[in-house]
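Working notes, beginning with the structure itself.
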Amino acid sequence: MLFNSYLFIFIFLPVTLIGYFFINSKINHTIGKKWLVISSLFFYSYWNISYLPLILSSILVNFYSSRWILAEQRQNRKKMIFLLGLGFNLFLLGYFKYRDFFLDNINFLFSSDINFARLALPLGISFFTLQQIAYLVDAFQGITEKKKMTDYSLFVVFFPQLIAGPIVHYQNVMGQFKNNENKKINLDNLKLGIYIFVLGLFKKVILADTFSGWATEGFDHTDTLHFFQAWGTSLSYTFQLYFDFSGYSDMAIGIGYMFNISLPKNFNSPLQARNIVDFWSRWHITLTQFITSYVFTPLVRSFKEINFRNSMIAMFIAMSISGLWHGAAWTFILYGAIHGLAIIVNHSMKKRKIKLPKTLAWFLAFNFINIGFTLFRATSLSDAWKVYQGMLGLTFFQLPKGIISNSFIKSSGMTLGQHMTNDDNLFLVMLILGFIIVLKQKNTMELMDKFKGSHKDAIITAFMFIFCIFGLTRVSEFIYFNF
Amino acid sequence: MDFLKRFFIYCILLFLIISAFILSIDPYDKYGINVFGFKHKAVMQSRDYKFQMLETSDIDYKGFILGSSAAHRFHTEDIKEILKVDVFNYSVQHTTTDDYKAQVNHLLERYNPKFIILNIDFTALDESFDTDNRLYNSSLKKYLFNQKTETHYFDSDYLSLRAIADSFNVIGVNLWGKVTHKYLENGNYINEINKTNRVNLKQSSYPHYKISKKRVSDLLGIKKRLTERNIDIYVLISPLSIEHLRKILDNPNLSKIHNQFKQELSSIFPNVWDFENLGISDYSTPQYFIDSTHPTRSLFKVISKKIFDHSSTNLGTRL
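Read top to bottom, the protein sequences are chains A and D. Mapping to the working numbering: the first sequence position 104 is 104, numbers consecutive. Mapping to the working numbering: the second sequence position 319 is 1319, numbers consecutive.
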């Protein structure tokens, strides 16, 4: 089920919310949590019920593995169970997400013809697997205790964060469910939750989906992109991705508040970053934390000596893995790898105390991010290269209509036409608006701190909400559902 | 007053105000509402407009083009040039077989045509693709005779951001603007060209596509009526750009339905021309397509020559 759908907004969310607090007050909190687990599984399987056994088996295996680890006293056996559990999770990811990619490459390398069924990626598999790997590691390190099945299941399937994060730790979320104050409806949290949810909905429905049209047009026609179109296409995708994913995270955080659960923030104005290290501390923050704790740190520790060089090697590997986590394609691996290289460059500059002027630093970082996202979006390396060729002016230029006289154009052999799309003016307005929002406006977390629930807040929230409701006729999926 | 109460009250008020605004303008003329008496809507009610053109015309049309907006740029002069007879383009937006039935009944009442060209879209037989309300608000409705009709009050085109924008456009055009999209003599459309350097994809997913038995039976009825009057029928499967067509063919389920759609047509009509095949790849450029589902006059010129002048082109095959 999509957050940006009538069914979710007007039926699923109110029924689940009212049901949860009603059960908490009239029956008991354990049943309330079970209600949330069942609702979340319904939310998950509404999309495709065939994924339900997969998530259930993943929960069961991880739950019992972690209990076994926690109960086991002998270190060797503990390690073995942990490795089996980890192997199970990696197998799930490998089979459902990377199998086709792997076989494709085998076929390419050895000119073989291994047949394989193109498997549909189970929704949210990357997120719920990652979250459970983190839990297994915590169990192995002894920093968590035995949990009840209901609590563990709720930690994995709590619907606001199930499909696309934020990636949470057990203690972050389940600790809040334990708090007695959080078992009753809290009107202040409900107001704040509605406000943040509407902000996220607005980002998705009005901003991301508008940019999506131009980005899709461009990436569907990489062969014919001229200079301005190529830039328009890549910038559209950068804005689309940011508004789409941060919009989803805002909605998740907003829904969390409605249930008195504070989910971790995931974005902090990432397009204002002045270098790539800064960018990753602002973009998909919970993934960065996961990669740092569970990939980078163990890698660094695995080296005999911890020094700058080894840390940077570990960073490069961790970022490449992060790229691969996003998707089973060379474009994603390359995306992770170039970000890894950029981080190494940033750290080296810092070590040598090289500092760039702020505006130049932002300009370079923004363009690097934009170029990286082009790779992220393109369906193949050659498609990405075609967009880059356009951006570098290696294809052709087409001047905007009316910029210069027709006769001059004809005599010089240049083409004249619609500049970017059929909606040139709207595109330019949206592009400027996009820059203003990402560079000059307060982000959701800052707006949240300012929120007072005043008359003005109510009007603005209602306006945004109603426009989104009118925009829901063009329901579209979130980009991160594909990862 | 509390934030929550205010929020809900403003939401209800805004929803009602915006909905009332859209409905009072009725930009696509779907409900026949015109509170402000605007002469031009965002989409012309072609079912009424073309109906009136035929009612008042003195020309003895011998050929008719039926179809959806995809057939709008099928210029009658290009056929007249080859066949030397007067032709009327009776294509209207968003059509299903109900439209064709009503149109055939209407034109047979006034004219004695020699031939009819039916440019049929892939969507036309899709059960989940509703018949347009505008048919039921138009003068053509009575030509459905006693058929039971079902008006869809909650049309997905309405209560949308696009409808808000188009309502403002309607006001702007009627008060200060120039009407750019209009019908010309013989039901022809303005010679619109694709000003960009690419053919943009229109909606190309058909998630609930199921071939409607009722519509197949409607087509059989149309064929029977026309055959009784010795009228030739040329059925053209409307061209889609190659990118659009590939989206259909790459989906195994849809590809099967697409094939079935062609088979249904060829089993009903003796003269079916398939332009929805890979032969379109040489023509999938802005010269030939406004967007992926709307061919330009240039493409229809090629099609006319193929059908009526037997020109040798790799575009289209006879099924």
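Backbone N, C-alpha and C define an ideal beta-carbon position, used for all residues, glycine too.
Who pairs with residue i in a beta bridge, going by DSSP?
{"i": "D:Arg-1318", "result": "D:Trp-1273"}
{"i": "D:His-1294", "result": "D:Asp-1291"}
{"i": "D:Phe-1064", "result": "D:Phe-1088 and D:Ile-1116"}
{"i": "D:Val-1235", "result": "D:Leu-1118 and D:Val-1272"}
{"i": "D:Asp-1126", "result": "D:Ile-1211"}
For a contact defined as C-beta to C-beta under 9 Å, what are the partners of residue i on chain D?
{"i": "A:Leu-484", "result": "The requested residue 484 of chain A is not part of the displayed model; chain A covers only 1 to 483."}
{"i": "A:Leu-187", "result": "Asp-1002, Phe-1003 and Leu-1004"}
Using a cut-off of 8 Å between C-beta atoms, extract the partners of residue i located in chain A.
{"i": "D:Ile-1164", "result": "Phe-470"}
{"i": "D:Phe-1015", "result": "Ile-466 and Ile-469"}
I want to see whether chain D comes within less than 8 Å of residue i, judged by CB atoms only; does it?
{"i": "A:Ile-489", "result": "Because residue 489 of chain A is not part of the residues shown, which for chain A are 1 to 483, the question remains open."}
{"i": "A:Leu-17", "result": "no"}
{"i": "A:Gly-434", "result": "no"}
{"i": "A:Lys-191", "result": "yes"}
{"i": "A:Gly-453", "result": "yes"}
{"i": "A:Asp-457", "result": "yes"}
{"i": "A:Leu-199", "result": "no"}
{"i": "A:Met-414", "result": "Low confidence applies to A:Met-414: its pLDDT is 48, below 50, so where it sits in the model is not reliable, and the reading given next is rough at best. No, its Cβ sits nowhere closer than 8 Å to a Cβ of chain D."}
{"i": "A:Thr-224", "result": "yes"}
{"i": "A:Leu-392", "result": "no"}
{"i": "A:Glu-72", "result": "no"}
{"i": "A:Glu-217", "result": "yes"}
{"i": "A:Ser-5", "result": "no"}
{"i": "A:Pro-14", "result": "no"}
Answer yes or no: does any C-beta atom of chain A fall closer than 8 Å to that of residue i?
{"i": "D:Ser-1128", "result": "no"}
{"i": "D:Phe-1007", "result": "yes"}
{"i": "D:Arg-1198", "result": "yes"}
{"i": "D:Ile-1018", "result": "yes"}
{"i": "D:Phe-1021", "result": "no"}
{"i": "D:Phe-1003", "result": "yes"}
{"i": "D:Tyr-1010", "result": "yes"}
{"i": "D:Leu-1278", "result": "no"}
{"i": "D:Leu-1175", "result": "no"}
{"i": "D:Leu-1201", "result": "yes"}
Kindly list, in the order they appear in chain D, the residues whose Cβ is closer than 7 Å to that of residue i.
{"i": "A:Thr-461", "result": "Phe-1007"}
{"i": "A:Glu-145", "result": "Under the 7 Å cutoff, chain D gives no residues; its nearest Cβ is about 38 Å from A:Glu-145."}
{"i": "A:Thr-374", "result": "Per Cβ cutoff of 7 Å: no residues; A:Thr-374 is ~18 Å from chain D at best."}
In chain A, which residues lie less than 7 Å from residue i when you measure between Cβ atoms?
{"i": "D:Glu-1243", "result": "Asp-220"}
{"i": "D:Phe-1051", "result": "Within 7 Å Cβ-Cβ: nothing; D:Phe-1051 doesn't reach chain A, min ~29 Å."}
{"i": "D:Ser-1160", "result": "Phe-470 and Thr-473"}
Run through chain A and tell me which residues come within less than 9 Å of residue i, C-beta to C-beta.
{"i": "D:Ile-1065", "result": "Within 9 Å Cβ-Cβ: nothing; D:Ile-1065 doesn't reach chain A, min ~26 Å."}
Please report how far the alpha carbon of residue i lies from the alpha carbon of residue j, in whole angstroms.
{"i": "A:Tyr-237", "j": "A:Arg-377", "result": "8 Å"}
{"i": "D:Thr-1096", "j": "A:Asn-62", "result": "53 Å"}
{"i": "A:Leu-192", "j": "A:Phe-470", "result": "23 Å"}
{"i": "A:Asp-449", "j": "A:Ile-143", "result": "32 Å"}
{"i": "A:Ile-291", "j": "A:Ser-25", "result": "40 Å"}
{"i": "A:Leu-375", "j": "A:Leu-93", "result": "23 Å"}
{"i": "D:His-1258", "j": "D:Lys-1301", "result": "25 Å"}
{"i": "A:His-419", "j": "A:Tyr-388", "result": "At A:His-419, the pLDDT of 46 sits below 50, so the modelled position is not reliable and the matter cannot be decided from this model."}
{"i": "D:Pro-1113", "j": "D:Leu-1240", "result": "28 Å"}
{"i": "A:Gly-175", "j": "A:Gln-131", "result": "16 Å"}
{"i": "A:Thr-444", "j": "A:Asn-307", "result": "38 Å"}
{"i": "D:Gly-1316", "j": "D:Ser-1046", "result": "28 Å"}
{"i": "A:Asn-115", "j": "A:Phe-96", "result": "16 Å"}
{"i": "A:Asn-425", "j": "D:Tyr-1283", "result": "29 Å"}
{"i": "D:Asp-1086", "j": "D:Ser-1057", "result": "12 Å"}
{"i": "A:Leu-416", "j": "D:Asn-1197", "result": "Note that A:Leu-416 scores a pLDDT of 46, beneath 50, so its modelled location is shaky and nothing firm can be said."}
{"i": "D:His-1244", "j": "D:Asp-1250", "result": "10 Å"}
{"i": "A:Leu-299", "j": "A:Ile-321", "result": "12 Å"}
{"i": "D:Lys-1306", "j": "D:Asp-1274", "result": "11 Å"}
With residue i and residue j assumed to form a contact (beta carbons below 8 Å), what rounded beta-carbon distance in angstroms separates them?
{"i": "D:Phe-1122", "j": "D:Glu-1276", "result": "7 Å"}
{"i": "D:His-1094", "j": "D:Asp-1132", "result": "4 Å"}
{"i": "D:Ile-1022", "j": "D:Ala-1163", "result": "5 Å"}
{"i": "A:Phe-158", "j": "A:Ser-40", "result": "6 Å"}
{"i": "A:Ala-365", "j": "A:Ile-276", "result": "6 Å"}
{"i": "A:Phe-427", "j": "A:Trp-214", "result": "6 Å"}
{"i": "A:Pro-166", "j": "A:Leu-54", "result": "Contact flag wrong, Cβ pair sits at about 22 Å."}
{"i": "D:Ala-1020", "j": "D:Asp-1166", "result": "Contact doesn't hold; Cβ gap of about 16 Å is too wide."}
Between residue i and chain B, is the shortest Cβ-Cβ distance under 8 Å, so that the two count as touching?
{"i": "A:Ile-106", "result": "Looking at the structure shown, chain B is missing, and the protein chains on hand are A and D."}
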